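Asker:
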Amino acid sequence: MIKNYLIFIILITLPFKVFAIIEVDITRGNLDPLPLAVSPLSIDDKSKKEFQKILKKENIGSEISIIVENNLKTSGLFDPLSKDAFLQAPDIANLKPRFEDWNLIKAQALITGKVSLVDKKLRVEFRLWDVLAAKEMMALAFTTVPNNWRRVGHIISDKVYERLTGEKGYFDTRIIYVAEEGPKTQRIKKLAIMDQDGFNNKFLTLGNELVLTPRFNPTSQMVTYLSYFRNLPRVYLLDIETGTQEVVGDFPGMTFAPRFSPDGKKIIMSFAKDGRSDIYTMDLENRIVEKITNHPSIDTSPSYSPDGKYIAFNSDRSGYQQIYVMNSDGSDVKRISFGNGLYGTPVWSPRGDLIAFTKLHKGKFYIGVMRTDGSGERLLTENYYQEAPSWSPNGRVLIFYRETKTNAKGEGFSAKLWSIDLTGYNERLVSTSTDASDPSWSSLLSN
Amino acid sequence: MNRSLIISSVLHGALIMITAMSLPFLAKKPLDIPPIVSVELIQIAEKTNIPFAPKAKKIIEKKKKKKLKEKEKKLVSEQAPPKKEKKLISGEAPPKKVKKTQSKTVVSFDQKKEKIKNQNPEAVPLPDKKVKKIETKKETKQNPVKTVKKIETIKKKKANQSPKKADNKVKQVSEFEKKDLFDPSNIAALIDKSKVDDAEKIKKDDKITQSQDKSVLTGKLTINEEQALQAQIFTCWSIPLGLPFNPDDMLVRIKLSLKPDGAIEDMEMLDHIKMNTPGKERFRTLADSVRRAIQLCNPLNVPTTGYERWKKIIFNFNATDMLGG
Chain A
1 MIKNYLIFII LITLPFKVFA IIEVDITRGN LDPLPLAVSP LSIDDKSKKE
51 FQKILKKENI GSEISIIVEN NLKTSGLFDP LSKDAFLQAP DIANLKPRFE
101 DWNLIKAQAL ITGKVSLVDK KLRVEFRLWD VLAAKEMMAL AFTTVPNNWR
151 RVGHIISDKV YERLTGEKGY FDTRIIYVAE EGPKTQRIKK LAIMDQDGFN
201 NKFLTLGNEL VLTPRFNPTS QMVTYLSYFR NLPRVYLLDI ETGTQEVVGD
251 FPGMTFAPRF SPDGKKIIMS FAKDGRSDIY TMDLENRIVE KITNHPSIDT
301 SPSYSPDGKY IAFNSDRSGY QQIYVMNSDG SDVKRISFGN GLYGTPVWSP
351 RGDLIAFTKL HKGKFYIGVM RTDGSGERLL TENYYQEAPS WSPNGRVLIF
401 YRETKTNAKG EGFSAKLWSI DLTGYNERLV STSTDASDPS WSSLLSN
Chain B
1 MNRSLIISSV LHGALIMITA MSLPFLAKKP LDIPPIVSVE LIQIAEKTNI
51 PFAPKAKKII EKKKKKKLKE KEKKLVSEQA PPKKEKKLIS GEAPPKKVKK
101 TQSKTVVSFD QKKEKIKNQN PEAVPLPDKK VKKIETKKET KQNPVKTVKK
151 IETIKKKKAN QSPKKADNKV KQVSEFEKKD LFDPSNIAAL IDKSKVDDAE
201 KIKKDDKITQ SQDKSVLTGK LTINEEQALQ AQIFTCWSIP LGLPFNPDDM
251 LVRIKLSLKP DGAIEDMEML DHIKMNTPGK ERFRTLADSV RRAIQLCNPL
301 NVPTTGYERW KKIIFNFNAT DMLGG
């Protein structure tokens with residue numbers, strides 16, 4: 001008892017001062033792209049010579065690192081540093097980076113790697129380092145046939161992007177579009193497909209028939225598009241892997257604006273007859289056709305929400321072309337666009353939070369986004385003529401096409417693909433070998 | 001022999017004499033130790049409300065006139081307050097949906113993926129779940145009454161530095177205050193202004209500002225100190241803009257142990273378990289960006305005083321506003 005009393009007395013007489021820990025709120029940050037260093041992937045001499053024979057590339061390690069660098073740069077979220085500033089050799093950097101050197105050039109992240117030939121296959125190992133924390137963030141290795149080396153670069157880009165931004169990348173993807181050639185009045189239009197960075201371009205049709213609005217199946221390498229069959233526009237299906245194509249259904253009128261459902265099992269499209277146009281779905285397994293809208297107006301450009309529960313479309317039922325949303329069975333139709341001008345081509349974001357659209361107002365075309373209830377409309381880009389936005393699989397970037405104005409002689413016309421991210425600041429021209437329109441972005445190939 | 005003894009004794013004697021004469025307590029007069037003066041440190045807000053002579057009278061008169069006018073206006077408005085009509089808002093917006101997307105790490109297709117290494121962050125103790133909000137300090141009123149601290153020993157300053165000037169100032173201020181601005185709460189400051197002056201000088205010598213001094217005692221940062229820290233970290237924090245908005249994953253709390261120069265001694269992620277939870281990869285990404293920001297800003301712009309206050313500090317990084325909640 002006395003002992004406890006003494007302890008108590010000692011404790012209360014001890015002179016001490018206690019402060020609560022100070023807390024500081026940080027609610028802002030900078031929007032600058034993250035500076036990172038992409039070191040060329042190291043390669044041993046033997047493998048280097050082998051790859052030179054197989055791929056006709058001087059240094060495949062450097063080539064892959066350039067792909068990664070370009071991908072990350074075009075995203076607008078990263079600032080790859082110039083290789084001239086690198087102080088450490090690629091092979092040593094891959095083993096153990098000297099973080100002080102990378103810190104010196106202000107790199108916050110570092111990508112290193114090694115390329116080798118194993119059993120006649122390309123083996124690429126890469127590591128992502130946190131320079132400031134001086135630790136490894138990620139390390140992966142891929143093995144594939146040597147000809148797939150570009151895809152390896154895209155997959156590495158996706159992995160780095162995902163690790164540093166928290167969302168999936170969009171680099172290992174392809175874009176299908178309509179390649180256009182010839183004068184404006186006599187355009188030859190062919191289906192074409194390419195990697196998202198413009199490489200590996202291939203034509204899928206010969207250009208004998210007019211093709212329009214190709215759309216990727218979100219789950220497989222299947223494409224639906226519009227082409228003319230016996231002078232009637234019809235919806236087609238094309239398997240990219242096998243090259244086989246077929247007409248979707250046998251409708252008495254014309255079908256157009258096709259798009260896949262999120263599970264890839266249905267096609268939703270417009271069917272026009274007797275001056276009115278309604279939205280229909282067709283089950284690809286049993287070919288059952290279902291009418292979704294029934295209104296004496298023009299309902300077109302349907303697009304499913306990612307969960308398949310809702311459909312966005314545009315209609316002139318209010319007198320002007322506006323965007324509407326309804327349940328997937330056609331019930332509960334709600335108009336969501338109320339701004340000035342005409343709205344069209346609604347496309348639901350893969351994230352499900354936004355709807356991209358084309359807007360025509362006072363003679364100018366805009367690509368914009370709005371929330372699914374129509375609020376928060378943001379116009380991302382404005383031009384003389386542009387339309388047909390298509391989302392990247394992560395819902396962060398839109399690709400669309402833009403036409404230029406012709407001069408008095410009818411010259412100077414061109415149609416090009418452009419991309420823009422949701423900030424509206426990162427607008428880029430997507431390089432194509434010919435004029436291009438109607439792009440559609442595939443889902444991630446490496447899903 | 002005798003001769004050498006005599007010489008030795010004479011020299012020793014001389015040495016003793018020299019030593020004795022040169023001792024400080026014999027050679028110098030005792031130090032004039034200043035008398036002990038008790039000094040009261042008075043808190044003064046960053047913006048003072050006390051007018052300074054000789055313009056004080058004019059200012060006071062103007063303020064009085066304004067107050068009178070305002071009172072008149074208030075009386076009028078109180079007599080006939082305008083009616084406010086509430087506007088009815090029609091239409092309902094459907095609730096927002098937060099989509100949860102899966103994040104897979106396996107690369108299929110014809111690539112063969114090998115996971116080489118997976119480093120886990122060090123284990124750290126669990127934090128409190130509730131997030132404490134910082135109390136914002138409002139320093140609007142001057143409160144000179146509170147006695148803060150007594151300094152017992154003070155070196156004597158050079159005898160009465162310009163006493164006449166000081167007296168005049170005191171008089172000028174006090175005259176107006178007595179006449180116009182008499183405030184019982186300011187009595188302590190009025191009674192002995194010279195003490196306040198001394199206290200201010202001491203504080204200046206110690207490089208402590210008044211606001212800092214106050215915050216030292218309250219254990220909080222002043223608004224200026226907090227803003228300096230925030231401004232520094234704003235520049236270092238690269239928010240991952242691609243991060244989809246999810247209100248549950250927008251706050252990252254990090255606890256730092258700091259050295260007196262602001263260098264980071266230790267860093268502890270308070271929600272570290274969340275970082276390793278499957279499905280919380282986005283939170284981990286945000287937490288990584290926070291860690292990079294802290295390391296990039298090392299050393300931090302900490303206050304020059306009051307180390308005890310901020311040697312441990314928690315930063316609440318909230319990306320809600322930036323990522324569009």
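First to last, the protein sequences are chains A and B.
Mapping the first sequence onto the working numbering, position 226 (from 1) lands on 226, and the numbers just tick up by one.
Mapping the second sequence onto the working numbering, position 108 (from 1) lands on 108, and the numbers just tick up by one.
Even for Gly, the Cβ is constructed at its ideal location relative to N, Cα and C.
Note that the coordinates shown come from a computational prediction; the quantities given were computed from them, not determined experimentally.
1) Between which two residues does the beta strand (DSSP E) carrying Ile-60/A extend?
2) Looking at Ser-331/A and Thr-300/A, is the spacing between their C-beta atoms short of 8 Å?
3) Please list the terminal residues of the continuous alpha helix (DSSP H) segment that includes Arg-282/B.
4) Between Gln-108/A and chain B, is any beta-carbon pair separated by less than 8 Å?
5) Say whether the segment 61 to 68 of chain A touches the segment 261 to 277 of chain B, bearing in mind that this needs 3 or more beta-carbon pairs closer than 8 Å, one atom from each stretch.
6) Please return the same chain residues whose Cβ sits closer than 8 Å to the Cβ of Trp-418/A, not counting the five positions on each side in sequence.
7) Do the CB positions of Leu-229/B and Asn-301/B come within less than 8 Å of each other?
8) Restricting to Cα atoms, I'd like to know which of Met-269/A, Asp-307/A, Arg-234/A, Pro-97/A is closest to Asp-130/A.
9) Can a CB atom of chain A be found closer than 8 Å to the CB of Pro-222/B?
10) From Ser-437/A to Arg-187/A, what distance separates their C-alpha atoms?
11) Give me the Cα-Cα distance between Gly-207/A and Val-252/B, rounded to the nearest whole angstrom.
12) At the level of alpha carbons, what is the spacing between Asp-110/B and His-154/A?
13) Contact check, Leu-226/A vs Phe-256/A under 8 Å by CB: the rounded distance?
14) Closer than 8 Å, CB to CB, is Gly-242/B near chain A or not?
15) Here's a check: name, in chain order, each residue in its chain whose Cβ is nearer than 8 Å to the Cβ of Thr-285/B, leaving out the five neighbours to either side.
16) Any beta-carbon of chain B closer than 8 Å to the one on Val-24/A?
17) Quick one: what's Ala-356/A bridged to in DSSP?
18) Met-322/B by DSSP, collapsed to three states: which one?
19) In terms of residue numbering, what span does the beta strand (DSSP E) encompassing Glu-315/A cover?
20) How many Å lie between Gly-76/A and Lys-62/B at the Cα?
21) When you compare each of Val-38/A, Ile-292/A, Val-145/A to Leu-117/A by their alpha carbons, which one comes out closest?
22) With DSSP as the reference, please indicate the residues paired to Val-397/A in a beta bridge.
23) Give me the residue from Lys-189/A, Ile-193/A, Phe-199/A with the minimum Cα distance to Leu-212/A.
24) Sorted by chain position, which residues of the same chain lie with C-beta nearer than 7 Å to Asp-172/A's C-beta, five sequence neighbours on each side aside?
25) Unbroken beta strand (DSSP E) runs of length 3 or more, entirely within the segment 87 to 171 of chain A: which are they?
26) By DSSP, does Phe-271/A sit in helix, in strand, or in coil?
27) Tell me, please, whether the CB atom of Ile-54/A is closer than 8 Å to any CB atom in chain B?
28) DSSP three-state call for Tyr-307/B: helix, strand or coil?
29) Output, in chain order, the set of chain A residues within a Cβ distance shorter than 9 Å of Ile-314/B.
30) Which residues in chain B have a C-beta closer than 8 Å to the C-beta of Ala-356/A? List them in chain order.
31) Please state whether the Cβ-Cβ distance between Pro-306/A and Pro-350/A is less than 8 Å.
32) Just to confirm, is the Cβ distance from Gly-319/A to Val-289/A under 8 Å?
33) Does Ile-37/A have its Cβ less than 8 Å from a Cβ in chain B?
34) Could you check whether the Cβ of Asn-94/A sits closer than 8 Å to any Cβ belonging to chain B?
35) Going by the beta-carbon positions, is the gap between Tyr-177/A and Pro-439/A smaller than 8 Å?
36) I'd like the list of long-range same chain contacts for Glu-246/A, defined as Cβ closer than 6 Å, with 5 residues on each side in sequence excluded.
Answerer: Reading off the structure:
1) Mapped onto the first sequence, residue 60/A falls at position 60. Where Ile-60/A is concerned, there is no enclosing beta strand (DSSP E), although the alpha helix (DSSP H) it sits in stretches over 60 to 74.
2) For the purposes of this step, residue 300/A is taken as the residue at position 300 of the first sequence. For the purposes of this step, residue 331/A is taken as the residue at position 331 of the first sequence. Contact flag unset, no.
3) Position 282 of the second sequence, counted from the start, is the residue given in the question as residue 282/B. First-last of the alpha helix (DSSP H) with Arg-282/B: 281 to 297.
4) As a first step, residue 108/A is located in the first sequence; it is residue number 108 there, counting from the start. Chain B contact via Cβ: present.
5) Judged by Cβ distances under 8 Å, the segment 61 to 68 of chain A makes no contact with the segment 261 to 277 of chain B, as fewer than three pairs qualify.
6) Stepping through the first sequence from its first residue, residue 418/A is reached at position 418. Only Thr-381, Gln-386, Ile-399, Phe-400, Tyr-401, Arg-402, Glu-427, Arg-428, Leu-429, Val-430 meet the Cβ criterion.
7) Here residue 229/B corresponds to residue number 229 of the second sequence, with the count starting at 1. Here residue 301/B corresponds to residue number 301 of the second sequence, with the count starting at 1. Taking 8 Å as the cut-off, the Cβ atoms of Leu-229/B and Asn-301/B count as close.
8) Position 130 of the first sequence holds residue 130/A. The candidate whose alpha carbon is nearest that of Asp-130/A is Pro-97/A.
9) Here residue 222/B corresponds to residue number 222 of the second sequence, with the count starting at 1. It is Thr, not Pro, that sits at residue 222/B in the sequence shown. Thr-222/B does not count as touching chain A.
10) Within the first sequence, residue 437/A is the residue found at index 437, counting from 1. Within the first sequence, residue 187/A is the residue found at index 187, counting from 1. Rounded to the nearest angstrom, the two C-alpha atoms are 12 Å apart.
11) Counting from 1 along the first sequence, the entry for residue 207/A is found at position 207. Counting from 1 along the second sequence, the entry for residue 252/B is found at position 252. Taking the Cα positions, Gly-207/A is about 55 Å away from Val-252/B.
12) Numbered from 1 along the second sequence, position 110 holds the residue referred to as residue 110/B. Numbered from 1 along the first sequence, position 154 holds the residue referred to as residue 154/A. Residue confidence is low: Asp-110/B scores 43 on pLDDT, short of 50, so the model does not pin down where it sits. Its coordinate-derived value is still stated next. Between Asp-110/B and His-154/A, the C-alpha separation is close to 14 Å.
13) Translated into positions along the first sequence, residue 226/A becomes position 226. Translated into positions along the first sequence, residue 256/A becomes position 256. Confirmed, Cβ separation roughly 5 Å.
14) By one-based count along the second sequence, residue 242/B stands at place 242. At least one chain A Cβ lies under 8 Å of Gly-242/B.
15) As a first step, residue 285/B must be located in the second sequence, where it is residue number 285. Only residues of its own chain outside the window of five on either side were considered, and among them Pro-240, Leu-243 have a CB closer than 8 Å to the CB of Thr-285/B, listed in chain order.
16) Here the question's residue 24/A lines up with position 24 in the first sequence. Yes, its Cβ sits closer than 8 Å to a Cβ of chain B.
17) By one-based count along the first sequence, residue 356/A stands at place 356. Looking at the DSSP output, Ala-356/A shares a beta bridge with Val-347/A, Val-369/A.
18) Here residue 322/B corresponds to residue number 322 of the second sequence, with the count starting at 1. In this structure, Met-322/B counts as coil in the three-state DSSP scheme.
19) Within the first sequence, residue 315/A is the residue found at index 315, counting from 1. Correcting the residue type first, residue 315/A is Ser in the shown sequence and not Glu. First-last of the beta strand (DSSP E) with Ser-315/A: 310 to 315.
20) The residue you call residue 76/A lines up with position 76 of the first sequence. The residue you call residue 62/B lines up with position 62 of the second sequence. Cα to Cα, the separation comes out at about 57 Å.
21) As a first step, residue 117/A is located in the first sequence; it is residue number 117 there, counting from the start. Comparing Cα positions, the closest option is Val-145/A.
22) Taking the first residue of the first sequence as position 1, residue 397/A is located at position 397. Per DSSP, Asp-421/A.
23) On the first sequence, residue 212/A is found 212 positions in, with the first residue counted as 1. Nearest C-alpha to Leu-212/A among Lys-189/A, Ile-193/A, Phe-199/A: Lys-189/A.
24) Translated into the one-based positions of the first sequence, residue 172/A becomes position 172. Answer for Asp-172/A: Arg-151, His-154, Ile-155, Asp-158, Leu-444, Leu-445, Ser-446, listed in chain order.
25) Taking only runs of at least 3 residues, the beta strand (DSSP E) segments lying wholly in the segment 87 to 171 of chain A are 109 to 118, 121 to 130, 135 to 144.
26) Here the question's residue 271/A lines up with position 271 in the first sequence. DSSP places Phe-271/A within a strand segment (E or B) once states are collapsed to three.
27) Here residue 54/A refers to the residue found at position 54 of the first sequence. By this cut-off, Ile-54/A is not an interface position.
28) Locating residue 307/B in the second sequence gives position 307, counting from the first residue. Of the three classes helix, strand and coil, the one that applies to Tyr-307/B here is helix, per DSSP.
29) Within the second sequence, numbered from 1, the residue matching residue 314/B stands at position 314. Per Cβ cutoff of 9 Å: Ile-21, Ile-22, Glu-23, Val-24.
30) On the first sequence, position 356 is the one that residue 356/A refers to. Those do not exist, as Ala-356/A stays about 16 Å from chain B at its closest Cβ, beyond 8 Å.
31) Reading the first sequence from its first residue, position 306 is the one you call residue 306/A. Reading the first sequence from its first residue, position 350 is the one you call residue 350/A. Pairing Pro-306/A with Pro-350/A gives a Cβ-Cβ distance under 8 Å.
32) Against the first sequence, residue 319/A aligns to sequence position 319. Against the first sequence, residue 289/A aligns to sequence position 289. 8 Å or more divides the Cβ of Gly-319/A from the Cβ of Val-289/A.
33) Residue mapping note: residue 37/A aligns to position 37 of the first sequence, counting from 1. Here residue 37/A turns out to be Ala, not Ile, going by the sequence shown. Not an interface residue.
34) Position 94 of the first sequence holds residue 94/A. Chain B, which has no Cβ nearer than 8 Å to the Cβ of Asn-94/A, makes this no.
35) The sequence position of residue 177/A within the first sequence is 177, counting from 1. The sequence position of residue 439/A within the first sequence is 439, counting from 1. Result yes, Cβ atoms of Tyr-177/A and Pro-439/A sit closer than 8 Å.
36) Numbered from 1 along the first sequence, position 246 holds the residue referred to as residue 246/A. The answer, listed in chain order, is Leu-237.
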